[in-house]
Structures are given as structure tokens and as C-alpha cells.
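Notes to accompany the following structure.
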Amino acid sequence: MDGFDVQAMGYVAPAIVQEWKIRSAQLGPVFGAALFGVLIGSLLFSMLADKIGRRPVLIGVTLFFSALTFLTAHAGSLREMLVIRLIAGMGLGGIMPNAVALVGEYSPRRTRAATMMIVANGFSAGAAIGGFIAAWLIPAFGWRSVFYFGAAAPLGIAVAMIVWLPESLPFLVVRGLVVKGKPLERAAQWLKRLDPSAPDPAATEYVAHEKSRRGLPIVYLFYDGRAVATILLWILNFMNLLNLYFLASWLPTVVKDAGYSTSTAVLAGTTMQAAGVIGAVALGWLVRRLGFVPVLTAGFAVACVNIALIGQPGLSLALLFVVVFLAGLGIVGGQAGLNALAATYYPTNLRSTGIGAGLGVGRIGAIIGPVVGGGLMGLHWSAQRLFLAAAAPALISALVMLAMGARYTLRPHER
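So this is what it looks like as C-alpha cells:
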């Protein structure tokens, strides 16, 4: 849902510009408003989930997001769309940190990092699949149909979560909520399905290795020697999401302005996200064997080089798609790695907050990327200058990843 929604605005932007008779740069604040909402939602709903549980928060924000996406299709002006996208973004922001945290708490230690990266990879999959859907829907039914589809999908997912999604067993233990009753029974039954050799839940005593904390969970991200690592994770999320959202928002428009068709422009954005799907799986496999530092550093370095190449004059269409693919491999796949890294680093009672805070700070970069991109396009910057500037954050990400690896093992809570 996250990936589809983010990329959807990039896909429909050319059609909105044409229908509403506006300039492309005028959509910059709309992109930024949605991301500001995601920033608020990431912080608010991740802390709420560390207090009341992952399951109720995930279901609630998914239903909320579905309703607001439906309203997006009925926006009749830039002002209306800006307000609706701001509120919709708040619901969307609560999904990723809690989904990754919940999966991490039910994943075997041996495959935990890879599994969380695959789940975070849903961002890329949603964006890539959305590109193919948008390329078909927009010419046939108009840009509003993209948001009708985007509202129906999360509604169905919310119903499925109500029926099948368990609460986190580690969360129930840490919060002291393991008592005879439905929450324990459902979580224990799910655990039994994952491990048939597990003992009878009714005869099992659950022991917490972590203490429940009072107050705002975000404060504890800076306790027990976590302050520097937390700041470095925030820098990594800021730089990488700045790049990701800049590319997701403006790549289709830049390609179309270069003289290609709308379908080709949409497929360029889809290629980047499809590369992220492949990248997250490949990077997850490598992280399991080599660790986060060498894999993510290399990914960001590859992205840096290829982002710089996107705007170079004289690129054939085939070569353009190759460099876009490699840029997406490092940037989009790398973001899945950062989410998994945060989930691995923080303990259970801070996991959603740790992921959500990192993504929240990252959304500041995500807001800046599209807005600055729109401003630079309004100043008539060439594609070459735009993408050379966009390569700098990827280089910074690679250097920060090296610095973080020199200081931390990065796996203190993977057990």
C-alpha cells in the first residue's frame, strides 16, 4: 500500500497537469503534504503500537488510509487534494513500522533480517505493480481510477487482518498481557503453526527478557548507549528517502518531458520499483551471509553512480532503463535493508518506535526531495544537473553506513 500510494501520485501527475491545466511544479506541495502526513503517522502510530499492540494499530490505520484514498479520487482542486493527501498520509505512516516489527517478532532468528527485508520489499512491489495497473487504468478510465483501486486494496487487506492477524507474542509478554484469554490463545496458536514442535501453549510459561517502559517510547531510543546509533539511522533514512521520493515523484515527468510517451514515462518509474523488489530479496540474502554494513554500503554506492548517469545526455532508451534499474536496486532495496536494520537493532518494547522514528525523520527528506525537485524544475534545471545533485545523498548514505559499522555490531537484539 505504501509503495503503491507513493508512486501513484507520480504516475497520475502528467494526467492531472493536463486535465487541470497547471504546471508540473505546482504539484510539488501536494507530494510534500502527503509525506508530511506520513511523517506524523510514522511517529504517532509507532509509539501507540508499542503501548497498545501492533494488531489494533495496523487494522485501524489501514481502514483509515483506505477511506482517505477513496476521497483523493474526488478532489477537484489542488487545495482539496493537498488536504486529503496530508490526512491520508497520516494513516499510511502507521503501516510500515508496525508491519516490519510484527514480522520480525515472529521470524526465526536465522532468517529474521532477510524476512523483514522481504516484507519491507512490499513497498517496491506495490509501486511496481501499481505502475503496470496505472499504465492500463489511466488511458482507459482516467487518473481517478488509480485511487479507486488504491482504496479497494487496503480495505480487503484490513478485513483479512481482522480475521487472521495475531498480536505479537513478545509484545504481550513484555507488556504483561499474557493471561488466559483470546490474545494469548491466538498468538500461541500462530506460534504453534510456525513451530509444530513447540510445547502446548496452555502448559507454557512465558518470560520477558525486557522490561516494560513508562512514558514516551521515543525517549528511550537514546538510552543504554543507543543515542549515536539512533542518530546515524535517522541520517541514513533521511538521505535515502530523499532520493527515493525525488525519483518516485519526478522521474516519470522528466522522462515524459524528454519526449517519450506517458506509458514509457510510467514504465521508467515502474522499472525503478521493480529493481527494488529484486534488490531487497538479493540484499536480504547477502545480509544474512555478510552482514548489513558491506551489503548496504555497496548498494548505496551503486545507486550513487547510476543516479548521476540518469540525466546524462545521449543515453539511449535501453541504457536509461538499465541505469534506472541499478539506481532502484540500491535505493529502494537499500530502504528495505534500513527498516530491517532498525528492527534488528532495537528491543521489542522499542521496535515499532525505533522503526517509526527512523522512517518519520526519513520522511522529512522525502518531503524535501519532491518539493525541491519541483522548485528546481521550475528554475528550468536540466535533467543532467538534477540527477547529479540527487547522487550526493546516496554517497553520504554509503559513508554513514561505513561509520555506523565501525562503531556497532548492529545486531545486539537478534536472538
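Position one of the sequence shown corresponds to residue 617 (my numbering), numbered consecutively onward.
Cβ atoms here follow ideal geometry from the backbone N, Cα and C, with glycine treated the same way.
Distance CB(residue i)-CB(residue j) smaller than 8 Å
i	j	result
Thr969	Arg728	no
Phe854	Val977	yes
Ser987	Phe647	A quick correction: the sequence has Val, not Ser, at residue 987. A contact, by the Cβ cut-off of 8 Å.
Met733	Ala845	no
Ser662	Ala982	no
Leu945	Ala891	yes
Ser865	Met625	yes
Ala1014	Thr913	yes
Leu966	Leu863	no
Leu643	Ala631	no
Ile980	Asn955	no
Ser658	Leu975	yes
Met702	Phe652	One detail in the question is off: residue 702 reads as Leu in this sequence, not Met. It is a contact, given that the beta carbons lie within the stated cut-off.
Ala999	Asn737	no
Reduced DSSP category for residue i - H, G, I as helix; E, B as strand; rest coil
i	result
Gly842	One detail in the question is off: residue 842 reads as Arg in this sequence, not Gly. Coil, per DSSP.
Ala729	helix
Glu783	coil
Arg967	helix
Tyr962	coil
Lys637	coil
Ala751	helix
Leu674	helix
Gln928	coil
Lys796	Any reading at Lys796 must be qualified, since the residue scores a pLDDT of 48, below 50, and its modelled position is unreliable; no value is offered.
Leu995	coil
Pro558	Examination of residue 558 is not possible in this model, given that the chain is present from 617 through 1031 alone.
Tyr861	helix
Asn737	coil
Ser693	coil
Tyr836	helix
Trp759	coil
Pro1009	helix
Pro724	coil
Ser813	coil
Ser682	helix
Leu875	Looking at the sequence itself, residue 875 is Gly, so the reference to Leu does not match. Three-state DSSP puts Gly875 in coil, outside helix and strand.
Gly709	helix
Gly669	coil
Gly985	helix
Gly907	coil
Glu1030	Summary for Glu1030: the model assigns pLDDT 43, below 50, so the residue's position carries little reliability, and this model does not support an answer.
Inter-residue Cα distance where the pair is residue i and residue j
i	j	result
Glu696	Met993	24 Å
Val948	Gly710	19 Å
Ala958	Ile675	22 Å
Pro562	Asp840	The displayed coordinates of the chain run from 617 to 1031. Any statement about residue 562 would go beyond what the structure contains.
Val921	Met712	28 Å
Val795	Arg726	Because the pLDDT at Val795 is just 48, under 50, the model does not fix this residue reliably, and the value given afterwards should be weighed accordingly. About 29 Å.
Val911	Leu848	17 Å
Leu857	Leu708	15 Å
Leu698	Ala650	7 Å
Arg670	Ser784	7 Å
Phe757	Ala874	25 Å
Phe686	Gly742	17 Å
Ala1005	Ala774	40 Å
Ala751	Ala683	23 Å
Thr869	Gly907	37 Å
Phe765	Gly985	26 Å
Ala679	Arg760	According to the sequence shown, residue 679 is Leu rather than Ala. Using only the alpha carbons, I get a separation of about 19 Å.
Tyr962	Met1017	17 Å
Ile991	Ala641	First, the amino acid is wrong: residue 991 is Gly here, not Ile. Going from the Cα of Gly991 to the Cα of Ala641 covers about 6 Å.
Gly950	Gly746	20 Å
Ile834	Ile700	28 Å
Pro929	Ala943	17 Å
Tyr861	Gln889	11 Å
Ala843	Val789	26 Å
Leu753	Ala776	26 Å
Val871	Thr880	8 Å
Arg639	Thr688	20 Å
Lys808	Tyr722	11 Å
Ser877	Gly692	26 Å
Pro812	Ala730	22 Å
Residue i beta carbon near the ligand SAM (any heavy atom closer than 7 Å)
i	result
Gly676	Only the bare structure without any ligand can be found here, which leaves the ligand SAM out of the picture.
For this session: Spell out a yes or no on whether the region 881-888 and the region 936-945 are touching, meaning 3 or more CB-CB pairs, one atom from each, closer than 8 Å.
Result: yes
Exercise. Between the region 717-724 and the region 665-674, are three or more C-beta pairs nearer than 8 Å?
Worked result: yes
For this session: Take every Cβ of the region 887-906, pair it with every Cβ of the region 999-1019, and state whether three or more of those distances are shorter than 8 Å.
Result: no
Exercise. Does the count of Cβ pairs from the region 627-635 and the region 770-790 closer than 8 Å reach three?
Worked result: no
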